[in-house]
Amino acid sequence: MSTGWLDEDPQRVMGRLAQVFILLGVWPFLKLMRLADRTALGYGIAKPAFRRAVALGWVEGVAILLVLALALVALEIRLPDADLELWPFLAKKALQALIGGLLIGVLEETFFRGALYTAIRRRDGVASAVVWTAFLYMLVHFMKPSELPAGVAFDWTGAWQMFGAVFVDVFQWKHLSSMAALFMVGVFLALVRERTGHIAWGIGLHAGWVFVIQVTRRMTDGNPDAPAAFLVGSYDGIIGWLAAVWIGLLALLFWGWTRRSRSYVA
Numbered sequence: 011m012s013t014g015w016l017d018e019d020p021q022r023v024m025g026r027l028a029q030v031f032i033l034l035g036v037w038p039f040l041k042l043m044r045l046a047d048r049t050a051l052g053y054g055i056a057k058p059a060f061r062r063a064v065a066l067g068w069v070e071g072v073a074i075l076l077v078l079a080l081a082l083v084a085l086e087i088r089l090p091d092a093d094l095e096l097w098p099f100l101a102k103k104a105l106q107a108l109i110g111g112l113l114i115g116v117l118e119e120t121f122f123r124g125a126l127y128t129a130i131r132r133r134d135g136v137a138s139a140v141v142w143t144a145f146l147y148m149l150v151h152f153m154k155p156s157e158l159p160a161g162v163a164f165d166w167t168g169a170w171q172m173f174g175a176v177f178v179d180v181f182q183w184k185h186l187s188s189m190a191a192l193f194m195v196g197v198f199l200a201l202v203r204e205r206t207g208h209i210a211w212g213i214g215l216h217a218g219w220v221f222v223i224q225v226t227r228r229m230t231d232g233n234p235d236a237p238a239a240f241l242v243g244s245y246d247g248i249i250g251w252l253a254a255v256w257i258g259l260l261a262l263l264f265w266g267w268t269r270r271s272r273s274y275v276a
């Protein structure tokens with residue numbers, strides 16, 4: 011990069027390298043921890059039932075986040091983009107959001123609500139599995155390399171400074187509302203995993219949420235001057251205190267409902 015052969019932002023390269031190392035190392039790690047089987051990873055049901063649960067979960071996920079998105083527009087926290095090209099721009103972005111959401115859902119649910127949830131539940135029980143998978147899920151969303159400060163050269167010293175900031179910058183107050191929302195998302199998905207016994211519903215819910223967030227961000231603009239602007243955080247302009255309360259309420263209702271009825275299980 012210092013010679014100009016690779017013309018990319020340093021923080022982008024560091025982030026992509028981290029993802030490559032994770033993908034290369036995750037399977038040997040899962041085998042070492044005896045988690046490399048379909049049931050432990052959350053795939054322990056028939057394929058037709060799994061696909062049906064993913065599809066139904068996606069519909070539910072879209073409905074859940076659509077309520078949040080409409081509330082943000084009603085509160086003028088998000089304003090419709092007057093210059094938006096509805097077609098074919100929106101169709102293209104919606105397709106990208108659909109595919110991206112499914113990929114994110116598969117990867118993140120397989121690890122967090124699949125392998126990690128199974129490992130912690132075996133050792134410490136349901137409560138610990140729900141809390142710790144949600145906490146780690148929340149945390150890693152904010153562990154990202156950031157730009158070097160102005161005037162700092164990208165050399166070995168600058169690279170180590172950027173690496174250290176991945177762990178230090180997590181603990182900033184501006185992230186608190188977004189962290190609360192992502193933690194409640196993790197709790198909800200973990201409860202779904204516990205009640206259903208697999209991750210298909212979680213993949214669908216997760217993909218549906220990502221879809222609505224990405225489409226909403228393309229169709230609307232943030233309005234920091236809105237009286238209720240504090241209800242969204244700095245992470246993506248969508249999730250924040252309002253999302254934390256909404257998802258937390260749904261998680262509570264879901265857990266209470268499924269204690270009396272197991273009809274949700276695929």
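Residue numbers (the numbering used here): 11 to 276.
Beta carbons are placed, not taken as given, at the ideal position from N, Cα and C, and that holds for glycine.
- For Gly232, the uninterrupted beta strand (DSSP E) run begins and ends at Thr230 to Gly232, by DSSP.
- Taking one beta carbon from each stretch, the segment 34-52 and the segment 188-195 have fewer than 3 pairs nearer than 8 Å; the two do not touch.
- DSSP places Arg44 outside both helix and strand once states are collapsed to three, so it counts as coil.
- Between Gly250 and Gly258 a beta carbon distance of about 13 Å is seen, past the 8 Å cut, so the two are scored as non-contacting.
- The Cβ atoms of Phe164 and Met11 lie closer than 8 Å to each other.
- Counting only unbroken stretches of 3 or more residues, the beta strand (DSSP E) elements lying wholly within the segment 205-272 are 230-232, in sequence order.
- In the DSSP assignment, Pro90 falls within the beta strand (DSSP E) that extends over Arg88 to Pro90.
- The three-state secondary structure of Tyr127, taken from DSSP, is helix.
- Around the C-beta of Trp211, 16 or more other C-beta atoms lie within 10 Å, and the residue is accordingly described as buried.
- Leu112: member of the alpha helix (DSSP H) spanning Phe99 to Glu118, first to last residue.
- Bounds of the alpha helix (DSSP H) holding Glu70 are Lys57 to Ala84.
- The residues Val72, Ala107, Leu108 and Gly111, in chain order, have a CB closer than 7 Å to that of Phe221 in the same chain once the five nearest residues on each side in sequence are set aside.
- In this chain, the alpha helix (DSSP H) harbouring Ala137 covers Val136 to Val150.
- Within the same chain, Lys103, Gln106, Ala107, Gly110 and Gly111 come within 8 Å of Gln224 by CB-CB distance, once the 5 residues on both sides are set aside.
- If you compare the alpha carbons of Arg88, Pro20 and Val69 with that of Asn233, the shortest gap goes to Arg88.
- In this structure, DSSP gives Met11 a state outside helix and strand, which the three-state scheme calls coil.
- The criterion of a C-beta distance shorter than 8 Å is not satisfied by Ile55 and His216.
- Contact annotation: Val83 and Ile213 have beta-carbon atoms that are not nearer than 8 Å.
- Rounded to whole angstroms, the gap between the alpha carbons of Val180 and Arg132 is 29 Å.
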